[in-house]
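K.L.:
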Amino acid sequence: ITEICGAKRVGYFGPAQFYIALKLIAAAQSGFPVRIESIKNELPLPRFMALKNDSEVRYGTPAELHGTKFQAPHANLEKNSYKRTDEGDKQEPKSPPMSPICSPPASPSTYQRIPLSYGYGKSRSGLEQQHGAPYEVRHSTHQQDGPSSGNYGAKPALSSSTLNRSLSVEREQPESSAHYSDDPWRITEEQRDYYINQFRSLQPDLNSFISGSVAKNFFTKSKLPIPELSHIWELSDVDCDGALTLPEFCAAFHLVVARKNGYQLPETLPETLLPDYLQAASLKPIRDCMLYDSYSEPLPGSQQTRDFSRTEKASAEEVPDNSALLQDAKKGQEEKQALKVSTALKTIPKEFQHLTVKTAAQESNALKSRPRSRSYSSTSIEDAMKKGEEPPTPPPRPQKSHSRASSLDLNKIFQQNTQAVRSGWLPPPPPALPPRPSVSQTEQVSEVELHPQMNRPPSQAEENTSAKKEVVLAQPPSKPARRKLRTETQGLETPELSPTINVTSSLPAVKSHLPVPKQSSKQKRAIQTAIRKNKEANAVLARLNSELQQQLKEVHKERIALETQLEQLRPVTVL
Amino acid sequence: VLVNVICSPPQNYPLYIRSIPTENELKFHYTVHTSLDVVDEKISAMGKALVDQRELYLGLLYPTEDYKVYGYVTNSKVKFVMVVDSSNTALRDNEIRSMFRKLHNSYTDIMCNPFYNPGDRIHSRAFDNTVNSMMMQVC
């Protein structure tokens, strides 16, 4: 292959050679003979062993020019990263003026143009996927943004419309594992719509701009400190005219959202928030569906990793805590049960305590509440739910120390996980509901047999209070829409704060992506009650387990005592 | 050595001070303060042409020190003062003027920010970057 593509002759892999080589690899993997002519076939993407994430997919195969559907290998290919080495390659093809995707190649001499146009067609996808690459890499992709965005207007007129469709079709599948979703500075479709609606509320004409004072009042409502708002303005008002056009407004809003979630503001505006980029993005409906990444996914993903570790620690802490408490108690059954009740009550009020603290604090200063809640266990569900709620609403906050860089690493781990969860969210909730309550009920029945009733009422009382809190929090006074939605998500999260032993089972319910709040709210509440019951049952089972172990220990001790007695008595009888 | 100060009327308190190197800052502050009087004097003398760039030379300051103090005033009587080392002979008048122009542009950008109240100290990062780049050029 090296020889055919000309690299041996030339001595290096230039862009043309690289593309030809990739095409030949695809050909070879598909079983075609490795010859120059095989390139002309429509080939699936070459398969590479999984390298790192963040594909340079656009260079995956130049064979996908003519509207062929991307196949499963595409998902594999996304695992590749040609990263840095390809950056230089990418620069070169991008800098020549982008020709529209043209008719099939006639000769190898056109190969250079083909990869370019292919790369251009893929660049839109590649852009998003590249933007999943680490932040530093994004700077190099900035140049590609320019030409690719400039060509968007020419897109519909081309025969590449078929390619668009195919791109968009295949995009929806790997969307979840699309790596550009790592980018917290990318605006999702829902966010964009939300921002546009907000813009309309301030200024009906979408082509005009919002004056400085109006924007100032609006953004001041977000309760960010003025210096930060000032910095956000500085970043987003690119032309420094004291007014915000629609893309500038979207960028500013997005920065506010990000800041409220604990992301540090960048020193310079990320490329994905530049007005040109956003303008081009808003022009292309097809591109918008590609923009449909899961902004919430990287955030929940990152949240979940931390939260998993925390909940594991928490559950580990809780069990020894309970058992220690139980061991300290006397051997009486009532005392044990009383202790169990007290421990159960202790854990639950503790969580509710800091929950209320957290929700109260969130209204004033999100960042302050974060560190406090971090010290407690079982914040995972809230965080995951918060992230799941992100797209139409500014998401509630991740950890303060959760910098973008670290979030990117964690995101990749959880993208598929979360996406699978998310995709499975919307269909299954109703069928999923019936099994859970029945399971919890059977568990509760068994629990009743072993424990006195007094255990359950206290925990249920706690649950009732939590439900009340949820209702209260879900009905905040009329504030800016994003504030209201945020408290609503907070309210939804309060019931999640019981000891979380099986986080994963509750995760599918938690990952409620909210494109339309009203529809799924009922489902959510139902699922949350189910989750609550589940957790309750879990807690009860844990207590039961510890209690039984205690009993076992006592029985062991009795047995040992009896055996020693027997030993003492035996010599006497023998003698 | 380069010191940048922006002072705003009416009390002429500084909105922004930046100096490289950072020792002897107090001395520079005093220098700037004294030079403000000279600037005011020149403004009142000008009459119509307000936007002007003036130069304050060694004669005003400590005879033992070699500093040149340059001044600049905007239409809204915001004063920019720059103190440079006299030993830095590479700095010519044109360069000083261009530096002031850049400062003025950056200042205008800050003014466009609705979150900035005129009279506040300037904390803008973009402005800092501009000033830093200018200072790097000189030193």
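Keeping their order, the protein sequence lines are chains A and B. Here the first sequence is numbered in our numbering, starting from 1226 and rising by one per residue. Here the second sequence is numbered in our numbering, starting from 54 and rising by one per residue. For each residue, glycine too, the CB sits at the ideal point set by N, CA and C.
What in chain B is Cβ-close to K1441/A, meaning under 8 Å?
P.N.:
Result: P167, F168.
K.L.:
Taking 8 Å as the CB-CB cut-off, is D224/B touching chain A?
P.N.:
No information on residue 224/B is available, as it lies outside the stretch 54 to 192 that chain B covers here.
K.L.:
With a 10 Å radius around its C-beta and 16 neighbouring C-beta atoms as the bar for buried, classify L1249/A as buried or exposed.
P.N.:
Under this definition L1249/A is a buried residue.
K.L.:
For my contact list, R1417/A and C1475/A are in at a C-beta cut-off of 8 Å; report their separation, rounded to the angstrom.
P.N.:
Confirmed, Cβ separation roughly 6 Å.
K.L.:
Can you list the residues of chain A that R178/B reaches, using a CB-CB cut of under 8 Å?
P.N.:
Going along chain A in sequence order, the residues near R178/B (Cβ under 8 Å) are H1456, E1459, E1492.
K.L.:
When the cut-off is 8 Å and only beta carbons count, does C1475/A lie next to chain B?
P.N.:
Taking Cβ atoms only, chain B never reaches closer than 8 Å to C1475/A, which makes this a no.
K.L.:
Could you say which of E1453/A, Q1504/A, L1471/A lies nearest to A1483/A if we only look at CA atoms?
P.N.:
Closest by alpha carbon: E1453/A.
K.L.:
With DSSP collapsed to three states, give me the class of V122/B.
P.N.:
Residue state, collapsed to three classes: strand.
K.L.:
Could you compute how far the alpha carbon of P1495/A sits from the alpha carbon of R1768/A?
P.N.:
Spanning the two alpha carbons is a distance of roughly 51 Å.
K.L.:
Quick check: what's the CA-CA separation for P67/B versus E1414/A?
P.N.:
Each residue's alpha carbon lies about 46 Å from the other.
K.L.:
Name the residues in the stretch 1416-1447 of chain A whose C-beta lies less than 7 Å from a C-beta of chain B; which are they?
P.N.:
Listed by position along the chain: G1437, S1438, A1440, K1441.
K.L.:
Which of helix, strand or coil does DSSP assign to R1795/A?
P.N.:
R1795/A: helix per DSSP, three-state reduction.
K.L.:
Candidates T84/B, C192/B, D93/B, S72/B: which alpha carbon is nearest E61/B's?
P.N.:
Per the sequence shown, residue 61/B should be read as Ser rather than Glu. With distances taken between Cα atoms, S61/B lies closest to D93/B.
K.L.:
Within the same chain, show all residues whose beta-carbon is closer than 7 Å to that of F1443/A, passing over the 5 residues directly before and after it, in chain order.
P.N.:
Hits under 7 Å: L1427.
K.L.:
What ranges does the alpha helix (DSSP H) occupy inside the stretch 1407-1433 of chain A, keeping only unbroken runs of at least 4 residues that lie completely in it?
P.N.:
Those alpha helix (DSSP H) runs which fall completely within the stretch 1407-1433 of chain A and span 4+ residues are 1414-1427.
K.L.:
Could you please give the first and the last residue of the uninterrupted beta strand (DSSP E) stretch that includes R71/B?
P.N.:
Element bounds for R71/B: 66-73.
K.L.:
By a C-beta neighbour count over all protein chains shown, 10 Å radius and 16 as the cutoff for buried, is D162/B buried or exposed?
P.N.:
By the 10 Å Cβ count, D162/B comes out buried.
K.L.:
Determine the contact status of L27/B and M188/B, defining contact as a CB-CB distance below 8 Å.
P.N.:
No answer is possible for residue 27/B: it lies beyond the span of chain B, which begins at 54 and ends at 192.
K.L.:
Distance, Cα to Cα, S139/B vs I1457/A?
P.N.:
Looking at the two C-alpha atoms, the distance is approximately 39 Å.
K.L.:
By DSSP, does S177/B sit in helix, in strand, or in coil?
P.N.:
S177/B: coil per DSSP, three-state reduction.
K.L.:
Look at the alpha carbon of V191/B and the alpha carbon of L1480/A, and state the distance between them as a whole number of angstroms.
P.N.:
The straight-line gap from Cα to Cα measures roughly 35 Å.
K.L.:
Cβ atoms of I59/B and V131/B: under 8 Å apart, would you say?
P.N.:
Cβ distance < 8 Å, so V131/B and I59/B count as in contact.
K.L.:
Mapping the DSSP letters down to three states, classify C165/B as helix, strand or coil.
P.N.:
Helix, per DSSP.
K.L.:
Based on the DSSP secondary-structure assignment, which residues constitute the bridge partners of A1468/A?
P.N.:
Answer by DSSP bridge pairing, in chain order: S1436/A.
K.L.:
Tell me which residues share the same chain as L1490/A and place their Cβ nearer than 8 Å to its Cβ, disregarding the 5 neighbours each side in the sequence.
P.N.:
E1453, H1456, I1457, L1460, L1480, A1483, R1484, listed in sequence order.
K.L.:
Please report the distance separating the alpha-carbon of E1761/A from that of I1752/A.
P.N.:
If I take the Cα positions, the gap works out to 14 Å.
K.L.:
Using only the alpha-carbon positions, how far apart do S129/B and Y1502/A sit?
P.N.:
Taking the straight line from one Cα to the other gives about 36 Å.
K.L.:
Report yes if the CB atom of V134/B is closer than 8 Å to the CB atom of V85/B, and no otherwise.
P.N.:
Against a cut-off of 8 Å, the Cβ pair of V85/B and V134/B comes out as a contact.
K.L.:
Tell me the rounded alpha-carbon separation between A1251/A and G1236/A.
P.N.:
When rounded, the distance between both Cα atoms is 22 Å.
K.L.:
Using a Cβ-Cβ cut-off of 6 Å (strictly less than) and excluding sequence neighbours within five positions of R71/B, which residues of its own chain qualify?
P.N.:
Excluding sequence neighbours, R71/B sits near N57, V184.
K.L.:
Using DSSP bridges, identify the partner residues of K1778/A.
P.N.:
Bridge partners of K1778/A: none, in fact.
K.L.:
Is the stretch 1429-1449 of chain A touching the stretch 1459-1473 of chain A in the sense that three or more CB pairs, one from each, lie closer than 8 Å?
P.N.:
Taking 8 Å as the limit for Cβ pairs, the verdict is that the stretch 1429-1449 of chain A does touch the stretch 1459-1473 of chain A.
K.L.:
On the CB-based measure, 16 or more other CB atoms within 10 Å of its CB, does G172/B come out buried or exposed?
P.N.:
That one is exposed.
K.L.:
When DSSP labels each residue in this structure, what does K130/B get in the three-state scheme?
P.N.:
K130/B falls in the coil class under three-state DSSP.
K.L.:
Would you please state the rounded distance, in angstroms, between the beta carbons of A1253/A and T1227/A? I believe it to be under 8 Å.
P.N.:
Actually they do not touch by this definition, with Cβ atoms about 12 Å apart.
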